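This report concerns only the one structure given below.
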Amino acid sequence: MKSELGNPQSLQNTFNKNAKKRDLKQNLVALSFLSPWLIGFIGFVIGPMIYSFYLSFTNYNMLTAPQWVGLDNYIRIFTNDQLFIQSMKVTLIFVLISVPLKLIFALFVAMLMNMGHRGSGIYTLIYYVPSIIGGSVAIAVIWRQIFGRDGALNHVLAWFGIEGYNWFSHPDYALWVLIILVVWQFGSPMVIFLAGLRQIPGELYEAASVDGAGRVRKFFNITLPLLTPVIFFNLIFQMINGFMTFTQAFLITEGGPVNRTLFYALYLYREAFTNFRMGYASALAWVLLVVIAIVTFIIFKSSKKWVYYESEGGKS
Amino acid sequence: MFGKFKIFSLVLVIMMALTVFAACSSDEPTDATEGSDSNGSSDSNGSNEEATSDEEEDIVLRFMWWGNQDRHDRTLQVIEMYEAENPHVTIDYEFLGFDDFSERLATQAAGGNAPDIFQMVDRWLPQYTQSGLLADLQPYIDSGAINTDNIDQSALDPGYIGDQLVGLNSGSNAFALAFNPDMFDEAGVEYPQPGDTWADYVEKGRAVQEALGLDYAVRNDVQHDRGFGIWLRQHGYWLYNEEGTGLGWDDDQLFLDYINFWLDLEAEGLAPPADVLEATGSIENYLLVTGDVPMQIIHSNQIVATSAAANRNFELTTLPFGESGESGQYVRASLFFSMNANTEHPDEVVKFMDFLTNSIEAHEVFQGDRGVPISSEIREHLYASAERTVQQQFEYIDLISEHAGAAPPPPPPTGQEMDRFFENVVYEVLYGLKTPEEALEEYKRGVQDIIDR
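As they're listed, the protein sequences go chains A and B. Here the UniProt record's numbering is used: position 281 in the first sequence is 281, and no number is missing along the way. Here the UniProt record's numbering is used: position 73 in the second sequence is 73, and no number is missing along the way.
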């Protein structure tokens with residue numbers, strides 16, 4: 001086709017071309033900005049994930065080449081693995097108890113911090129510290145000391161004439177020791193709740209006061225509904241963290257007594273690095289991924305029923 | 001405008017990329033040292049000596065071990081001695097706890113960058129040999145590069161897989177009964193001695209407990225190899241069969257008797273309940289150390305750490321014997337040194353191994369931390385000047401040698417998993433969650449399942 005000057009078609013074409021060029025350039029800039037993350041993501045996350053997916057269909061002891069075994073690993077997980085059932089049970093109980101407790105506690109402290117007393121910034125900082133140091137060896141040692149046979153807790157109980165146990169080596173209580181430790185690390189949800197609380201307009205409370213609402217009423221009718229998006233976020237985040245809990249059990253109880261604190265992540269780690277069954281451990285990891293995905297999906301679905309967004313015009 | 005922006009963004013990107021990589025590498029210092037190692041440039045990373053020698057090329061040897069702080073300190077001191085004697089060699093070291101070590105070594109072996117020399121335990125030898133990681137040291141023994149003039153062949157035997165010597169015994173070791181002599185004296189009870197039966201053991205413990213008002217008489221030692229394994233050997237069996245393909249015993253009563261023995265002691269208040277037992281597994285918390293029992297079964301080389309933790313002296317004797325008078329006990333290699341088959345400097349590694357094995361100065365520092373030295377010359381030299389706890393180990397290895405039988409075949413590679421599984425099963429009984437009969441069935445089924453996987 002012959003192009004004529006002023007032909008709108010060709011003008012359109014050159015314009016499109018330029019736009020495309022510009023798009024490409026902008027994309028390149030964007031991509032290059034993203035590249036540190038992208039390279040890391042592909043190299044350290046996606047790559048290993050694909051490899052572990054492959055490994056989950058093999059027998060691999062890290063010393064000899066992987067052997068393809070098809071679905072054997074998955075079949076064993078679901079039909080013939082008591083430790084899988086035990087560790088899944090422990091982890092589910094742990095998540096079901098520790099996450100709500102932690103969120104309630106975090107919200108409670110956040111509300112105290114939000115009352116605007118002097119020095120609440122310092123307290124926020126202090127209460128945040130356990131979240132930072134919580135996974136450390138030092139804390140594990142302290143925890144063993146507090147809940148040990150001659151520990152601080154038993155000394156206090158002795159004043160009331162109660163004889164304690166080694167709490168972390170008693171089948172009925174060991175998991176609770178770890179739950180308390182995790183709930184104590186409420187810092188990060190607390191800070192997020194605090195931010196959420198400060199978003200709530202003060203007029204609402206004033207109006208409610210004028211209408212004669214008490215504190216409890218204000219909490220349930222104003223604070224809680226307006227905070228649901230933040231609760232939702234914290235719930236998802238803490239739930240996923242809960243499923244991946246490892247350090248506390250690894251350091252304090254080593255999965256014992258009698259596997260009562262054998263968290264899923266700890267079982268997975270042992271299969272991989274103590275028993276050298278990298279293939280089986282990979283399969284376990286993928287099962288965990290699917291479980292977390294399903295639970296997250298359910299929470300997301302249910303969120304339509306209970307999470308309130310102001311932008312949606314108040315339909316809850 | 002746009003040009004400037006482009007340059008600016010490029011600089012930003014580079015900076016960010018660098019931060020990422022810097023963060024990665026500072027997280028894992030080992031990676032950095034490995035990088036320098038494989039490049040062949042020796043003096044960039046991790047070198048703590050300014051090594052310049054005209055004749056010999058500067059090299060770096062990577063050495064990895066597990067242990068407690070005491071072992072780390074001693075080993076670091078020996079490394080410094082070796083580096084001072086051999087200025088062209090830099091030993092790049094890594095030390096970890098046992099669990100971390102097993103993970104690190106497996107990962108490095110899989111990645112093809114295992115250290116040049118590292119510690120091993122018996123149960124890993126078959127698998128690592130099969131994968132070709134362990135060098136055969138026999139040629140270096142034959143050539144005299146590792147001097148064995150003062151070493152008995154029987155001390156080397158545990159390190160063979162087939163006819164390859166894949167692990168060099170670091171020192172001998174055996175299970176032992178440590179007791180607190182002062183408690184026995186005060187209670188006026190005769191010391192435990194070789195030939196005592198399990199019934200004598202309990203009676204003596206009970207006598208001391210009653211006289212001194214101790215919490216417990218004995219510690220129920222329900223471990224797999226040194227508990228149930230010894231018990232089986234005293235009845236003429238072993239945990240596994242010769243090939244390691246199944247159980248080495250078929251009389252259910254053996255297992256039930258073993259568990260019931262400890263259950264009864266616990267019921268009578270002679271042995272601690274399971275929650276106490278579970279929490280007293282590390283040396284600092286040993287009931288013997290805290291003074292709650294008069295005696296406890298340990299590894300003979302732990303006498304050093306146990307005495308240090310309790311800040312007092314203990315005596316060592318053999319474990320109780322079986323009813324038939326069978327001791328069931330044996331001398332073991334406490335651990336091995338192995339050489340990476342792919343090392344670039346085999347001769348230098350061997351020279352260092354020879355130093356670890358035959359150097360008197362090195363062993364004056366080690367003080368028997370990795371077991372009683374296999375070189376008779378060093379044993380003799382060390383004995384006179386050694387601390388009491390070290391002498392005790394030496395004496396004990398002599399004592400147990402009189403009563404010991406042949407060592408059992410090496411455990412299957414899944415030995416550690418088995419040990420954990422056994423303890424779990426037994427603890428379920430001790431916690432009252434299962435009957436001994438249920439535990440027996442679970443144990444038999446589980447062991448076979450683990451072996452067959």
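Yeah, the Cβ is synthetic: ideal placement off N, Cα and C, and Gly gets one too. Given the structure is predicted, the values throughout are model-derived calculations rather than measurements.
Around the C-beta of N220 (chain B), 16 or more other C-beta atoms lie within 10 Å, and the residue is accordingly described as buried. For a Cβ distance threshold of 9 Å, nothing in chain A lies close to N113 (chain B): the least Cβ distance comes to about 13 Å. The way I'd put it, the region 173-182 of chain B does touch the region 317-329 of chain B; three or more beta-carbon pairs between them come closer than 8 Å. With respect to the 8 Å criterion, W66 (chain B) and T75 (chain B) are not classified as neighbours on the basis of their beta carbons. Comparing alpha carbon positions, the residue from B:A271, B:Y82, B:L61, B:D185 closest to E94 (chain B) is B:L61. With a cutoff of 8 Å on beta-carbon distance, F53 (chain A) and W286 (chain A) are scored as near each other.
Nearest neighbour of G328 (chain B) by Cα position, chosen from B:D250, B:E402, B:R445, turns out to be B:E402. The three-state secondary structure of H224 (chain B), taken from DSSP, is helix. Along the region 258-283 of chain A, the positions whose C-beta sits under 7 Å from a C-beta of chain B are V258, N259, F273, T274, N275, F276, read in chain order. Three or more beta-carbon pairs separated by less than 8 Å link the region 150-168 of chain B to the region 332-339 of chain B, which places the two stretches in contact. Taking a cut-off of 8 Å on C-beta distances, the region 423-432 of chain B touches the region 268-281 of chain B, as three or more cross pairs fall below it. Shown here for F246 (chain A): same chain residues with a beta carbon closer than 8 Å to its own, the five before and five after excluded, namely F263, A265, L266, Y269 in chain order. Taken in chain order, the members of the region 96-124 of chain B whose beta-carbon sits within less than 8 Å of a beta-carbon on chain A are D99, S102, E103, A106, T107, A109, A110. Rounded to the nearest whole angstrom, the C-alpha separation of A84 (chain B) and D92 (chain B) is 14 Å. With a threshold of 8 Å between beta carbons, T64 (chain A) makes contact with chain B.
Within chain B, the C-beta atoms nearer than 9 Å to that of G148 (chain A) come from A279, N285, in chain order.
Beta bridge pairing from DSSP links E315 (chain B) with B:F179. Under a criterion of Cβ atoms nearer than 8 Å, the residues of chain A adjacent to Q130 (chain B) are, in order, L63, T64.
Under the 8 Å criterion on CB atoms, H155 (chain A) is classed as non-interfacial with respect to chain B. Within the same chain, and ignoring the five residues on either side of Y258 (chain B) in sequence, the residues whose Cβ sits closer than 7 Å to its Cβ are F228, W231.
Among the CB atoms of chain A, none fall inside 8 Å of the CB of Q329 (chain B).
Annotated three-state conformation of M115 (chain A) is coil, per DSSP. Across the region 165-198 of chain A, CB contacts with chain B closer than 8 Å involve Y165, N166, F168, S169, H170, P171, in sequence order along the chain. At least one CB atom of chain B sits nearer than 8 Å to the CB of G256 (chain A).
Per DSSP, the continuous beta strand (DSSP E) segment holding E94 (chain B) begins and ends at 89-96. N114 (chain A) is a Cβ neighbour of L194 (chain A), given a cutoff of 8 Å. Taking 7 Å as the Cβ-Cβ cut-off, the region 418-449 of chain B approaches chain A at N424, Y427, E428, Y431, L433, given in chain order.
Less than 8 Å separates the beta-carbon of R277 (chain A) from that of N61 (chain A). Cβ-Cβ separation between P126 (chain B) and P409 (chain B): approximately 10 Å, too far for a contact (criterion under 8 Å).
Boundaries of the alpha helix (DSSP H) harbouring F421 (chain B): 415-430, taken from the DSSP string. With respect to chain A, the C-beta atom of Q367 (chain B) has no partner C-beta closer than 8 Å. When beta bridges are read from the DSSP output, T197 (chain B) appears opposite B:F321. In the DSSP annotation of this structure, S169 (chain A) is not part of any beta strand (DSSP E), being labelled neither H nor E.
For Q127 (chain B), the residues of chain A that pass the 9 Å Cβ criterion are N61, L63, T64, F276, in the order they occur in the chain.
When the beta-carbon positions are compared, L63 (chain A) and Y160 (chain B) stay at least 8 Å from each other.
Around T414 (chain B), the beta-carbon contacts reaching into chain A at under 8 Å are N275.
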